[in-house]
Amino acid sequence: MKSFTIEEINTILDGKIIGNTKEQIKGLNQIKDAKSGEVTFIGNSKYARLWKNSSASVAIVDNEKLNVGAADEKALIMVKNVDLAMAKLLDVFKPDEGPSFDKDIHPTAVVDQSASIGVGCKIGAGCYIGKNVVLDDGAVIYPNVTIFDNSKIGKQTVIWSGTVIRERSEIGHFCIIHNNVSIGADGFGYCPSENGQGLVKIPHIGNVVIGNGVEIGANSCIDRAKFNSTIVGDGCKIDNLVQIGHNSVLGRSCIMAGSSGLAGSVTLGDGVVIGGSASIKDHVTIHSGAIVGAGSGVMNDVPAGKTVLGYPASDSRETLKQWVALRKLAK
């Protein structure tokens with residue numbers, strides 16, 4: 005079990021200690037459940053009032069927002085950003101153990117002779133690596149992953165079990181692809197047949213291109229483009245159960261929360277945030293820095309830096325005023 009003194013914790017966080025504790029810090033917990041020997045976190049006033057009765061030995065506190073009093077035999081560490089401090093400590097305390105590979109390439113993995121496997125790559129049991137696939141150095145492919153022909157996987161990218169990567173897909177360096185992700189499936193496109201009695205499937209002959217440092221949550225789907233590429237830019241973070249339609253283009257460092265979806269040919273600028281269960285109509289552009297509230301339905305372009313909310317989505321302040329007026333009307 006990992007254990008640290010308060011001084012060692014403070015060195016990691018580069019904060020300021022108030023008070024003191026002799027307890028060895030052996031874990032992290034939320035303020036209601038924390039025990040002696042654990043660190044907790046106070047990022048807003050909601051949790052500050054719980055500190056007095058908490059059993060935690062140390063609290064990490066935002067030094068610009070909160071005035072939290074010290075307590076006997078307990079200590080505070082003042083930092084500039086509690087969320088970043090939490091991320092650092094979670095990384096420090098994460099377990100060392102994890103899925104291991106007895107061999108770099110498991111005997112039950114099927115790897116085509118034409119595939120290029122870089123130095124230090126790991127390929128788990130039951131994987132399929134198709135023709136002309138390229139795995140760059142240090143890529144980790146966990147059991148039961150399928151990577152079809154002519155796809156490229158970047159350096160130190162990790163792909164978890166159940167994921168299927170269709171032909172011609174390109175994934176950058178240092179990405180994390182979680183369980184059961186679908187990348188490069190045929191896009192969703194049909195048109196009425198000439199006699200009007202059925203639907204004609206529109207083939208999608210493009211691919212998916214994913215940048216560096218991208219994380220894609222479990223059971224998400226990114227469809228390949230009709231002509232060119234569906235693109236997910238560097239640093240994007242995609243939650244579980246997200247749909248990204250064909251020909252969509254995401255800029256850098258976009259965030260899409262769980263169960264949100266982009267229809268075909270949607271464009272997101274840099275730093276766009278899409279709330280959970282939000283849906284974006286096809287051919288819409290959401291410009292850089294815009295935010296789409298959870299559960300919203302976006303029908304039109306959204307200007308840079310704008311926050312929209314509701315169904316159909318409009319300026320968040322106007323939507324909130326409408327909701328207040330409806331409540332009053334109901335009374």
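Numbering (this note's numbering), first residue to last: 5 to 335. For every residue, glycine included, the Cβ atom is placed at its ideal position computed from N, Cα and C.
*asked:* Quick check: what's the CA-CA separation for F337 versus N199?
replied: As displayed, the chain neither begins before 5 nor continues past 335, which places residue 337 out of reach and without an answer.
_Option in D106, Q117, H182, I13 with minimal Cα separation from A91_ = I13
*Quick one: residues in its chain with C-beta nearer than 7 Å to the C-beta of I22, no 5 flanking neighbours on either side, listed in chain order?*
A74, A79, L80, M82
*From which residue to which residue does the alpha helix (DSSP H) around T311 run?*
Counting along the chain, T311 falls outside any alpha helix (DSSP H), though it belongs to the beta strand (DSSP E) covering 311 to 313.
*Report the three-state DSSP secondary structure of E219 (helix, strand or coil).*
strand
*Using the Cα positions of D238 and G215, report the straight-line distance between them to the nearest angstrom.*
4 Å
_For a minimum of 4 consecutive residues, which ranges assigned as the alpha helix (DSSP H) are wholly contained in the region 70 to 134?_
86 to 97
*Return helix, strand or coil for N270, following the three-state DSSP convention.*
Note on residue identity: the sequence assigns Val, not Asn, to residue 270. Of the three classes helix, strand and coil, the one that applies to V270 here is coil, per DSSP.
*In this structure, does DSSP put Q326 in helix, strand or coil?*
helix
*Secondary structure at V51, three-state DSSP: helix, strand or coil?*
Per the sequence shown, the amino acid found at residue 51 is Tyr instead of Val. Here Y51 sits in helix by DSSP.
_Three-way DSSP call (helix, strand, coil) for K60 in this model_ = In the sequence under discussion, the amino acid at residue 60 is Ala, which differs from the Lys named in the question. In the structure shown, A60 sits in coil (DSSP, three-state: anything other than H, G, I, E or B).
*Does the Cβ-Cβ distance between V253 and T271 come in under 8 Å?*
yes
*Length of the line joining the Cα atoms of K205 and P196*: 9 Å
_Using the Cβ count rule (16 or more neighbours within 10 Å means buried), how would you classify W164?_
buried
*Determine the extent of the beta strand (DSSP E) in which T161 is found, giving its start and end residues.*
Unbroken run through T161: none, as it is neither H nor E.
*Does DSSP put N211 in a helix, a strand or coil?*
strand
*Which residue from P103, A143, P111 puts its Cα closest to that of S120?*
A143
_Please report the straight-line C-alpha distance between G209 and A229, rounded to a whole angstrom._
At residue 209 the sequence reads Ile, which differs from the Gly that was named. When rounded, the distance between both Cα atoms is 7 Å.
*Assuming V123 contacts D106 under a Cβ cut-off of 8 Å, what Cβ separation, rounded to an integer in Å, is found between them?*
That pair is no contact at about 18 Å.
*Determine the closest residue to N71 out of R53, T150, G309, with distance taken between C-alpha atoms.*
R53
_Can you look up L333 in the DSSP assignment and give me helix, strand or coil?_
helix
*Around the C-beta of R321, are 16 or more other C-beta atoms found within 10 angstroms, so that it is buried, or is it exposed?*
exposed
*Length of the line joining the Cα atoms of G265 and P316*: 15 Å
_Reduced DSSP category for I10 - H, G, I as helix; E, B as strand; rest coil_ = helix
*Secondary structure at I29, three-state DSSP: helix, strand or coil?*
strand
*In angstroms with no decimal places, state the Cα-to-Cα distance between G4 and D319.*
A question about residue 4 goes unanswered here, because the residues of the chain that appear run from 5 up to 335.
*asked:* Contact defined as beta carbons within less than 8 Å: I believe Y132 pairs with I109. What is the distance between those atoms, to the nearest angstrom?
replied: Their Cβ separation, rounded to whole angstroms, is 12 Å, which puts Y132 and I109 out of contact at 8 Å.
*asked:* For N85, which residues in the same chain have their Cβ closer than 8 Å to its Cβ, ignoring the five residues on either side in sequence?
replied: D66
*Proximal residues to Q247 (C-beta, below 6 Å), its chain only, five neighbours per side dropped*: C225, G265
*How close, in whole Å, do the beta carbons of I29 and E11 come, if the pair is a contact with beta carbons under 8 Å?*
With 8 Å as the limit, I29 and E11 do not qualify as a contact, their Cβ atoms being about 10 Å apart.
*Starting from P307 and walking both ways along the beta strand (DSSP E), at which residues does that stretch end?*
No beta strand (DSSP E) contains P307, which DSSP labels as neither H nor E.
*For the beta strand (DSSP E) that K230 lies in, which residues bound it at each end?*
Run containing K230: none; DSSP gives neither H nor E here.
_I16 (DSSP reduced to helix, strand or coil)_ = helix
*Any idea if G309 is buried or exposed, counting beta-carbon neighbours within 10 angstroms, 16 or more meaning buried?*
exposed
*What number of angstroms, rounded off, separates the C-alpha of C240 from the C-alpha of I259?*
6 Å
*How is S283 classed by DSSP in three states: helix, strand or coil?*
strand
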